[in-house]
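Peer 1:
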Amino acid sequence: MNQVIAVTDLVRKYSLGEVLVIALNGVSISIERGEFVSIMGASGSGKSTLLNLIGGLDRFDSGKIMVDGLDITSLDENQLAKYRREKIGFIFQSYNLIPTLTALQNVELPLVFSGTPKKDRLLRAEDILRTVGLEKRMGHRPTEMSGGEQQRVAIARALINKPSIILGDEPTGNLDSKTGEEIMELLTWLNKKDGLTIIMVTHDPEKARYADRVIQIKDGRIVG
Amino acid sequence: MSSSDLVSFVLVNLKRMKLRASLTILGVVVGTTAIVAMVALGIGLQESFSSQFLSIGSLNDLTVLPGNPNKGGPFSAQIKEVRLDDKLIREISSLDGVKSVIPQVDIGNVSVKVQNYKATSIRIQGFSIKSPVEISKGRLPRRDDSKSIIISGKFGSSLEGKDEVPVSSFMNKQALLKVSRITEDGSEEMRRIRVHVVGIAKEKGTLEDYENMYMPVELAEDIWLWQQDAPNLIKKEGYNSLKVTVVSPAEADSVQKKLEGMNLFVFSMKQILDSLNTFFRVIQAVLGAIGAVALLVASIGIVNTMIMSIYERTREIGIMKATGASNKDIIKIFLSEASVIGLAGGVCGTFLGWLLSKILSALAAFYLSSSGGGGESPISFIVPVWLAVFAIAFATCIGLIAGVYPALRAARLNPLVALRHE
């Protein structure tokens, strides 16, 4: 078995004003390389928190996260940035593209931060944009594209650094159902074709069905 | 993140906030213009003072008086003074860097008549054959010939009652010197001395070029002693002062030190010019500081603009962090933006400051000439290359420093919080 993520006894608390919220209360999960996993739960269940912690976007109070044999618990900010740059590809509900940059520039952004030479960067970004079916949109800015197209750009951006894991936080949440299904099919195709590990947070059972495995989370605990 | 990526990033971002960036740059422009124009005025003042100052005397000349400044100066009676005699002159002449030593005798009330031209107040300087004046025409007096004189390069240009006559027309002519003295009973005595003009001194570009007469020191002494009515004055008390000429202005300081070591009081143009220059550097610094205040105000504008821009781009910063930007990358981006604002303002401001300097110089010259001042304008603005380079570098540094706080703020943003920012 080829385990890519091992989360053990993860606890994340934060205070909302006077109230202490326990977002994750001892979560342990294990994910294999090449798996497509959906994390389902109601809003406030802690599913996004789990995703963000795996992605190294936030700190946790106790527990342990191992990704690709790397313990991210002990990483400092710079090491976390490197971790995000090299191991993680994020896809967000609201696409999170930079409005002043073209599709191509948005896709090559992670490689800009990793210091990849411009020539290599362009070749790779164009290649990936073709893979997600946007060869005609490379010079367009986000505002000139539909939601589905923007999300494809975001997927291309997530793929460009050849990450170990793709983390999707409600990637179809802002899309109509038809476009949403297209995006899900693209993700499934990438998962099957390249053996890409995908963890997707959703509250939509329709979309969760695309995954190999569904993890249910409720009140900060895994319930199934 | 490579430098070229950084540059294109910065340009895209500045283009996006075009109006705000322009206004912020304008603030820097005003500050830089102020600094450049102010310092240019200071430099211009220094230059015009220096050039006027240098027309009085040469930087090669030191005037030596008996007495040491550290021991009471030339006017102190308590210290036994070193006598300025021939032995001392020989001693000074042998010092490194000394070109000539000429005893100075102060002869007043001398008038001269050459051909038809008369001058009533001329200056007489003696020289010894061993350290003669430099001549441009004619010859030096022979050793035994004490009645031959050299006239200065612009002699005759100020002779009374006449238009300017070429100095060469005096060559090889007889000149009649009239020297007067007041005797003890109050009556005026007159002595007439016939001399022969044998040479013309090389022009020095100082006041010495006008109505100056160089003669063998024996003759000058003779006239002086007669005028003082004290034949043994030099033997008893020595000369009043010596004029020591050094090989180059660079030698002036070391020769001055040596002379002071010999318990002499030394007065040099170089020393005065040096302290004058120090004074003007202070003036320039003060003027520059006034300009710098404007730039400081502009730097607050930069901080403000950058903080606003970071607030608006919070989400973008979150995106960059999520896609792998390190804190260092974020700091670099915002520091570069602030520096570019400073640089752009610095370049424009330096150009404007230079332009303003030209305009103000021209206006000052026009005003002075139209009000009948004539001559060279004493107010000029000078922008040397170092000032332009300094102003641009300074403005850029101000931008960089102004960017530090906003950049750190941006880098410290929690990526998750930043991503949720609307």
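Chains G and V, in that order, give the protein sequences.
The opening residue of the first sequence carries number 1 in our numbering; numbering runs sequentially from there.
The opening residue of the second sequence carries number 1001 in our numbering; numbering runs sequentially from there.
Every residue, glycine too, gets a C-beta built ideally from N, C-alpha and C.
(1) Whose Cβ in chain V lies nearer than 8 Å to the Cβ of S114 (chain G)?
(2) For V1340 (chain V), which option in V:E1208, V:A1393 and V:R1409 has the closest C-alpha, if you only look at C-alpha atoms?
(3) Please report how far the alpha carbon of T1183 (chain V) lies from the alpha carbon of Q1228 (chain V), in whole angstroms.
(4) Within 10 Å of its beta-carbon, does G1293 (chain V) have 16 or more other beta-carbons around it, so buried, or fewer, so exposed?
(5) What is the residue span of the alpha helix (DSSP H) that V1012 (chain V) lies within?
(6) Is there at least one Cβ from chain V nearer than 8 Å to A81 (chain G)'s Cβ?
(7) Could you tell me the boundaries of the beta strand (DSSP E) in which R1181 (chain V) lies?
(8) Are G1403 (chain V) and F1351 (chain V) close, meaning C-beta to C-beta below 8 Å?
(9) Ignoring anything shorter than 3 residues or poking outside the region 1297 to 1330 of chain V, list the beta strand (DSSP E) runs there in chain order.
(10) Out of curiosity, what's the CA-to-CA distance linking I39 (chain G) and R85 (chain G)?
(11) Does any C-beta atom of chain G lie closer than 8 Å to the C-beta of M1017 (chain V)?
(12) Let me confirm a value: P1231 (chain V) is counted as buried when at least 16 other C-beta atoms fall within 10 Å, else exposed. Which label applies?
(13) Considering only C-alpha positions, which residue in the set G:S48, G:T49 and G:K118 is nearest to S1008 (chain V)?
(14) From G1288 (chain V) to S1002 (chain V), what does the alpha carbon distance come to, in whole angstroms?
(15) CB of N1232 (chain V) to nearest heavy atom of the ligand ZN: below 7 Å?
(16) Tell me which same chain residues have a C-beta within less than 6 Å of the C-beta of S1148 (chain V), skipping the five on either side of it?
(17) Taking the C-alpha atoms as reference points, what is the distance between L1029 (chain V) and A6 (chain G)?
(18) Over what stretch of residues does the alpha helix (DSSP H) that includes V1389 (chain V) continue unbroken?
(19) Quick one: residues in its chain with C-beta nearer than 6 Å to the C-beta of F1280 (chain V), no 5 flanking neighbours on either side, listed in chain order?
(20) Using the DSSP secondary-structure output, state which residues sit across from H203 (chain G) in a beta bridge.
(21) For P142 (chain G), decide whether its Cβ has a neighbour in chain V, counting only Cβ atoms nearer than 8 Å.
(22) Considering just the uninterrupted stretch of the beta strand (DSSP E) at S1148 (chain V), what are its terminal residues?
(23) At 8 Å on the CB atoms, spell out the chain G contacts of K1332 (chain V), in chain order.
(24) Can you give me the C-alpha to C-alpha distance between V1167 (chain V) and V1246 (chain V), rounded to a whole angstrom?
(25) Where does Q93 (chain G) fall in DSSP's three states?
(26) Going by CA-CA distance only, name the one from G:Y14, G:H203 and G:Y83 that's closest to D71 (chain G).
(27) Which bits of chain V does E77 (chain G) rub up against, with CB to CB less than 7 Å?
(28) Taking only runs that begin and end inside the region 1190 to 1223 of chain V, name each unbroken beta strand (DSSP E) of 3 or more residues, in chain order.
(29) List the residues of chain G that V1012 (chain V) touches, going by C-beta distances under 7 Å, in chain order.
(30) Go through its chain and collect everything with a Cβ distance to S1058 (chain V)'s Cβ below 6 Å, but skip five positions before and after it.
(31) Does the beta-carbon distance from L50 (chain G) to L24 (chain G) come in below 8 Å?
(32) Would you please verify whether the beta carbon of D58 (chain G) is less than 8 Å from any beta carbon of chain V?
(33) Just to check my reading of the structure: I1102 (chain V) and S1136 (chain V) have Cβ atoms closer than 8 Å, yes? What is that Cβ distance to the nearest angstrom?
(34) Please list, in chain order, the chain V residues whose beta carbon lies closer than 9 Å to that of L109 (chain G).
(35) Would the region 1295 to 1302 of chain V and the region 1382 to 1399 of chain V be scored as touching if the rule is three or more Cβ pairs under 8 Å?
(36) In angstroms, rounded to a whole number, what distance separates the CA positions of G63 (chain G) and I1331 (chain V)?
Peer 2: The structure says:
(1) Position 114 of the first sequence, counted from the first residue, corresponds to residue 114 (chain G). Neighbours of S114 (chain G) on chain V, chain order: G1324.
(2) In the second sequence, the residue the question calls residue 1340 (chain V) occupies position 340. Measuring from the Cα of V1340 (chain V), the nearest candidate turns out to be V:A1393.
(3) Position 183 of the second sequence holds residue 1183 (chain V). Position 228 of the second sequence holds residue 1228 (chain V). Using only the alpha carbons, I get a separation of about 9 Å.
(4) As a first step, residue 1293 (chain V) must be located in the second sequence, where it is residue number 293. Correcting the residue type first, residue 1293 (chain V) is Val in the shown sequence and not Gly. By the neighbour-count rule (16 or more Cβ atoms within 10 Å), V1293 (chain V) is not buried but exposed.
(5) Position 12 of the second sequence, counted from the first residue, corresponds to residue 1012 (chain V). Looking at the DSSP string, the run of the alpha helix (DSSP H) that includes V1012 (chain V) is S1003 to R1016.
(6) Here residue 81 (chain G) corresponds to residue number 81 of the first sequence, with the count starting at 1. Taking Cβ atoms only, chain V reaches closer than 8 Å to A81 (chain G), which makes this a yes.
(7) The residue given as residue 1181 (chain V) occupies position 181 in the second sequence. Start and end: Q1174 to I1182.
(8) Position 403 of the second sequence, counting from 1, holds the residue named residue 1403 (chain V). Position 351 of the second sequence, counting from 1, holds the residue named residue 1351 (chain V). No, they are not a contact pair.
(9) none
(10) Looking up residue 39 (chain G) in the first sequence gives position 39. Looking up residue 85 (chain G) in the first sequence gives position 85. Straight-line Cα distance between these residues: approximately 23 Å.
(11) If you number the second sequence from 1, residue 1017 (chain V) lands on position 17. M1017 (chain V) does not count as touching chain G.
(12) Indexing the second sequence from 1 puts residue 1231 (chain V) at position 231. Exposed, since its Cβ has fewer than 16 Cβ neighbours within 10 Å.
(13) By one-based count along the second sequence, residue 1008 (chain V) stands at place 8. That would be G:K118, whose Cα lies nearest to the Cα of S1008 (chain V).
(14) Within the second sequence, numbered from 1, the residue matching residue 1288 (chain V) stands at position 288. Within the second sequence, numbered from 1, the residue matching residue 1002 (chain V) stands at position 2. In a straight line, the C-alpha of G1288 (chain V) is about 36 Å away from that of S1002 (chain V).
(15) As far as ligands go, the structure on display features none, and thus does not contain the ligand ZN.
(16) As a first step, residue 1148 (chain V) is located in the second sequence; it is residue number 148 there, counting from the start. Closer than 6 Å at the Cβ level, and outside the excluded window around S1148 (chain V), lie P1141, H1196 and V1198.
(17) Position 29 of the second sequence, counting from 1, holds the residue named residue 1029 (chain V). Position 6 of the first sequence, counting from 1, holds the residue named residue 6 (chain G). With the sequence shown as reference, residue 1029 (chain V) is identified as Val, and Leu is not the correct amino acid for it. Answer to the nearest angstrom: the Cα atoms are 57 Å apart.
(18) Here residue 1389 (chain V) refers to the residue found at position 389 when the second sequence is read from its first residue. V1389 (chain V) -> alpha helix (DSSP H) spans V1385 to R1412.
(19) On the second sequence, position 280 is the one that residue 1280 (chain V) refers to. Only Q1046 meet the Cβ criterion.
(20) Taking the first sequence and counting its residues from 1, one reaches residue 203 (chain G) at position 203. H203 (chain G) is not bridged to any residue.
(21) Working through the first sequence from its first residue, we reach residue 142 (chain G) at position 142. No, because no Cβ of chain V sits closer than 8 Å to the Cβ of P142 (chain G).
(22) As a first step, residue 1148 (chain V) must be located in the second sequence, where it is residue number 148. S1148 to I1151 is the span of the beta strand (DSSP E), which, as asked, contains S1148 (chain V).
(23) Working through the second sequence from its first residue, we reach residue 1332 (chain V) at position 332. None at all; the shortest Cβ gap to chain G is about 10 Å.
(24) Residue 1167 (chain V) sits at position 167 when you count from the first residue of the second sequence. Residue 1246 (chain V) sits at position 246 when you count from the first residue of the second sequence. Going from the Cα of V1167 (chain V) to the Cα of V1246 (chain V) covers about 27 Å.
(25) The sequence position of residue 93 (chain G) within the first sequence is 93, counting from 1. Coil, per DSSP.
(26) Looking up residue 71 (chain G) in the first sequence gives position 71. Checked all of G:Y14, G:H203 and G:Y83; the closest Cα to D71 (chain G) is G:Y83.
(27) Here residue 77 (chain G) refers to the residue found at position 77 of the first sequence. Going along chain V in sequence order, the residues near E77 (chain G) (Cβ under 7 Å) are N1327.
(28) 1212 to 1216
(29) Translated into the one-based positions of the second sequence, residue 1012 (chain V) becomes position 12. Under the 7 Å cutoff, chain G gives T100.
(30) Residue 1058 (chain V) sits at position 58 when you count from the first residue of the second sequence. Once the five neighbours on either side are set aside, the close Cβ partners of S1058 (chain V) are K1204 and T1206.
(31) Taking the first residue of the first sequence as position 1, residue 50 (chain G) is located at position 50. Taking the first residue of the first sequence as position 1, residue 24 (chain G) is located at position 24. Closer than 8 Å, so yes.
(32) The sequence position of residue 58 (chain G) within the first sequence is 58, counting from 1. Taking Cβ atoms only, chain V reaches closer than 8 Å to D58 (chain G), which makes this a yes.
(33) The residue you call residue 1102 (chain V) lines up with position 102 of the second sequence. The residue you call residue 1136 (chain V) lines up with position 136 of the second sequence. Actually they do not touch by this definition, with Cβ atoms about 18 Å apart.
(34) Taking the first sequence and counting its residues from 1, the one referred to as residue 109 (chain G) is at position 109. Ordered by position in chain V, the residues that pass the 9 Å Cβ test against L109 (chain G) are I1319, M1320, T1323, G1324 and A1325.
(35) yes
(36) Stepping through the first sequence from its first residue, residue 63 (chain G) is reached at position 63. Stepping through the second sequence from its first residue, residue 1331 (chain V) is reached at position 331. Taking the straight line from one Cα to the other gives about 31 Å.
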